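Q: With the sequence shown counted from 1, adding 7 to any position gets you this note's numbering.
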Amino acid sequence: TLVTYKGYGTDFEIEVKHTGYPPAPFVGVLRYSEQLYTCVDTRASRCRLASTTPVTEIFRFQNGRWIY
């Protein structure tokens, strides 16, 4: 039975953009890769990278804090 788990790459990119909209003056963009591993046992002793998926998350800055 194969066991799968997700991990994340070490490379990422952060970008902050001005919106021109005073109630939410900034938008933050986070880009990274999510990696899916398959393992032959639950101890994760023999695993291989099965796939990599690019991920983009967007946050807005509103009322003095970042909102996801």
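Glycine residues also receive a C-beta, built at the ideal position from the N, C-alpha and C atoms. Keep in mind the model is a prediction, meaning the values are calculated, not measured.
Whole angstroms are fine: how far does the CA of Ala31 sit from the CA of Phe66?
A: The residue given as residue 66 occupies position 59 in the sequence shown. The residue given as residue 31 occupies position 24 in the sequence shown. If you take the alpha carbons of Phe66 and Ala31, they lie about 10 angstroms apart.
Q: Let me know the secondary structure DSSP gives Tyr75 once reduced to three states.
A: Residue numbering aside, residue 75 sits at position 68 when the sequence shown is read from its first letter. In this structure, Tyr75 counts as coil in the three-state DSSP scheme.
Q: Thr26 and Gln42: beta carbons closer than 7 angstroms?
A: Taking the first residue of the sequence shown as position 1, residue 26 is located at position 19. Taking the first residue of the sequence shown as position 1, residue 42 is located at position 35. Not a contact, by the Cβ cut-off of 7 angstroms.
Q: Assign Thr8 to one of three DSSP states: helix, strand, or coil.
A: Along the sequence shown, one-based indexing puts residue 8 at 1. The answer is coil: DSSP assigns Thr8 none of H, G, I, E or B.
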